[in-house]
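This report concerns only the one structure given below.
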Amino acid sequence: MLARREREAEAKTLPPLPNVDKYKTVVTRYAPNPDFVLHFGQARAIYLSHDYARMYKGRFILRFEDTDPKNKKPVLEYYDAIREDIRWLGCRWDEEHIQSLRMPIYYEYARKLIELGAGYVCTCEAKTFKQLVLKGEPCPCRGLTVEENLERWDRMLEGLYGEGEAVLRVKTDLNHPNPSVREWVAFRVIDTSRNPHPLVGDKYTVWPTYHFANGLDDHLMGITHIIRGKEFLSALDRHLYLYKHFGWRYPEAIHYGRWMLPKGGTMSKSKILKAIKAGLFKGVDDPRLPTLAALRRRGIQPEAIHRMIIDVGVKQAEVSLSWENLYAYNRQVVEPRARRLFFVHDPVKLLVHKTPKSYEAKVRFHPSRPDMGYRTIHVKAEDGLSRLLICKDDVKLLESRGMVRLMELFNVRLLKVSEDLVEVEFLSEGYGEARRLRLPLIHWLPEDRCLKARVVMPDASEVEGFVEDNVAQVEVGEVIQFERFGFVRLDSVDDEYVFYYAHK
RNA sequence: GCUCCGGUCGUAUAGCCUGGUCAAGUAUUCCGGCCUUUCGAGCCGGAGGUCGCGGGUUCAAAUCCCGCCCGGAGCACCA
1316 MLARREREAE AKTLPPLPNV DKYKTVVTRY APNPDFVLHF GQARAIYLSH DYARMYKGRF
1376 ILRFEDTDPK NKKPVLEYYD AIREDIRWLG CRWDEEHIQS LRMPIYYEYA RKLIELGAGY
1436 VCTCEAKTFK QLVLKGEPCP CRGLTVEENL ERWDRMLEGL YGEGEAVLRV KTDLNHPNPS
1496 VREWVAFRVI DTSRNPHPLV GDKYTVWPTY HFANGLDDHL MGITHIIRGK EFLSALDRHL
1556 YLYKHFGWRY PEAIHYGRWM LPKGGTMSKS KILKAIKAGL FKGVDDPRLP TLAALRRRGI
1616 QPEAIHRMII DVGVKQAEVS LSWENLYAYN RQVVEPRARR LFFVHDPVKL LVHKTPKSYE
1676 AKVRFHPSRP DMGYRTIHVK AEDGLSRLLI CKDDVKLLES RGMVRLMELF NVRLLKVSED
1736 LVEVEFLSEG YGEARRLRLP LIHWLPEDRC LKARVVMPDA SEVEGFVEDN VAQVEVGEVI
1796 QFERFGFVRL DSVDDEYVFY YAHK
């Protein structure tokens, strides 16, 4: 037991970063494109980058990479949404930058690159160029002089080239084994009169590519350790050329494998966005989505995501995730502190004959934590009759067993089941007898003291029912457990209580 | 065209770098039990893998090397 605990504690720390002693302070960054809210997979880069910065008492930088106003168009509201997501995860950043506000810097370095003879403005058609580069041959533009290139560059900036008519390329090895790395594009023209940028409008028409802006900024901001998905591995090759041209030293780069969701699930932002626009999802926090917003709404705790990420580690292998996996972590976090309440879905009326008296059932909010207190459920008996509600599913149980114990109340025996009414009679009060008879325990509600509730399930379907009136003590946002149903988060209270289902 | 990664209980994974303490850990699933009260949470116990295949190195291999088979992911004036 002790040994196990030690091992668990061990598994919960991150492995050391490479070459930390080479740097004064460790600086990491997270660099999202604000074209969508964050999703589950991105939490990994965030936590790892953030945790390492904290672990080494370094700095953690948030940098918005919004340099494609056309294809990966940034959206104003997502800048804040992303900040909120990161804060929700529990991470704070020490510095923030927005690339679209740094354009003059990129232009400055573009010029330097050209002056070094390491970059040139290429006006070839993409197709033609591709054919040449596949053969490892230079295009005519590559041979232009520095002066000619500077001139072309100025013309580019002045807007004399349209989209696709000119790009600034970085000179690489024409025979680089990966053709997609050869002579990569550093800047391209984007017609911002047609596709204005949410922050700078149509002020610029020449935009740096990810490869240029990201690579450059990592140096300018003094990033020492880059932690990113391995889909960026080939970016490394490109960046290396840039660093070589400028004579810089490349940061330590760690690439981890992708997180994949089981069958059907996608974390692709563009796919999700398309589906939302098509009305297939209700919004970015639709419970079917793997966005942080959706998980948050469902009551998944950031600690659960955090633990999972630390446990999985930083290997380059792809990892298939199952929701069950995440739920297991979340249950661990949520179980000890979730208050328990009765929720009856698909309610059926239960008429109890021979009820000897009215009851006040005192039920613990948590079965193993008396310190969390009790709630009271009143059951009124009139002329030996009490009226309750139970789940339709439990009627079957009652039918097959004939007798059942109403949790924390009393035991009953089935008399008859009709269309929408189940009649039983009071059998006995003691729990001991229920145990002796091995009676199933079912939950219930007094018909006159319960409130309408709705639970939004992970597949966006909804379950209707009633909660005990003690729900009034629950705060919006709180995660509770509906006994024998599952963990849910109180989402809103209007004319009815709306919950989002997390997991069982 | 190029690059990267994987093949370990039913499922998802840890371990592999720094060979032995690994006849292999965890979660989930399944089964059984417990709980003054959750057939659905919790707790306890059990079942279930000989680590893709073949060969090699070694006193010793899931762990190193070679070959084979199968599978996954990614890159291109997106980030």
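For the first sequence, the working numbering gives the first residue as 1316, with consecutive numbering after it. Note that beta-carbon positions come from the ideal geometry of N, C-alpha and C, so glycine has one too.
Check your understanding: Using DSSP with H/G/I as helix, E/B as strand and the rest coil, what is residue 1523?
Key -> Here residue 1523 sits in strand by DSSP.
Review point. Closest by CA to residue 1425, which one among 1523, 1334, 1462, 1409?
Key: Taking only the C-alpha atoms, the option nearest residue 1425 is 1523.
Exercise for review: State the beta-bridge partners of residue 1796 as determined by DSSP.
Suggested key: For residue 1796, which the question treats as bridged, DSSP gives the partners 1655, 1802.
Check your understanding: residue 1545 to residue 1359, Cα distance in whole Å?
Key -> Cα to Cα, the separation comes out at about 13 Å.
Check your understanding: According to the Cβ coordinates, are residue 1349 and residue 1381 closer than 7 Å?
Key -> Yes; because the gap between Cβ atoms is below 7 Å, this pair is in contact.
Point to revise | residue 1790 burial status per 10 Å Cβ neighbour count (16 or more: buried) | key: So residue 1790 counts as exposed.
Point to revise | Local Cβ density within 10 Å of residue 1365, reported as buried at 16 or more and exposed below that | key: It counts as buried.
Point to revise | Cα-Cα separation between residue 1724 and residue 1404, rounded to whole angstroms | key: Rounded to the nearest angstrom, the two C-alpha atoms are 42 Å apart.
Exercise for review: Note the first and the last residue of the continuous alpha helix (DSSP H) segment covering residue 1664.
Suggested key: Unbroken run through residue 1664 is the beta strand (DSSP E), 1662 to 1668; no alpha helix (DSSP H).
Exercise for review: For residue 1631, count neighbouring C-beta atoms within 10 Å of its own C-beta (all shown protein chains included) and say buried if the count is 16 or more, exposed if not.
Suggested key: That one is exposed.
Point to revise | Rounded separation between residue 1818 and residue 1493 - CA only | key: Here the alpha carbon of residue 1818 sits roughly 45 Å from the alpha carbon of residue 1493.
Review point. Using DSSP with H/G/I as helix, E/B as strand and the rest coil, what is residue 1645?
Key: Taken through DSSP and simplified to helix, strand or coil, residue 1645 comes out as helix.
Review point. Going by the beta-carbon positions, is the gap between residue 1397 and residue 1353 smaller than 7 Å?
Key: It is a contact, given that the beta carbons lie within the stated cut-off.
Review point. If you draw a straight line from the C-alpha of residue 1318 to the C-alpha of residue 1707, how long is it?
Key: Reliability of the predicted coordinates at residue 1318 is poor, the pLDDT of 32 falling under 50, and the value obtained from them is presented with this limitation in mind. Answer to the nearest angstrom: the Cα atoms are 47 Å apart.
**Study point:** Neighbour-count burial assignment, residue 1302, 16 or more Cβ in a 10 Å radius
**Key:** One cannot answer for residue 1302 here, as it falls past the ends of the chain, which runs 1316 to 1819.
Review point. What first and last residue would you give for the beta strand (DSSP E) that runs through residue 1743?
Key: In the DSSP annotation of this structure, the continuous segment of the beta strand (DSSP E) that includes residue 1743 starts and ends at 1736 to 1743.
Check your understanding: Are the Cβ atoms of residue 1517 and residue 1478 separated by less than 7 Å?
Key -> No; because the gap between Cβ atoms is not below 7 Å, this pair is not in contact.
Check your understanding: What is the rounded straight-line gap between the Cα of residue 1776 and the Cα of residue 1661?
Key -> When rounded, the separation of the alpha-carbon atoms in residue 1776 and residue 1661 is 14 Å.
Exercise for review: Let me know the secondary structure DSSP gives residue 1761 once reduced to three states.
Suggested key: Strand.
Point to revise | Rounded Cβ spacing between residue 1446 and residue 1532 (contact assumed at less than 8 Å) | key: Their Cβ separation, rounded to whole angstroms, is 33 Å, which puts residue 1446 and residue 1532 out of contact at 8 Å.
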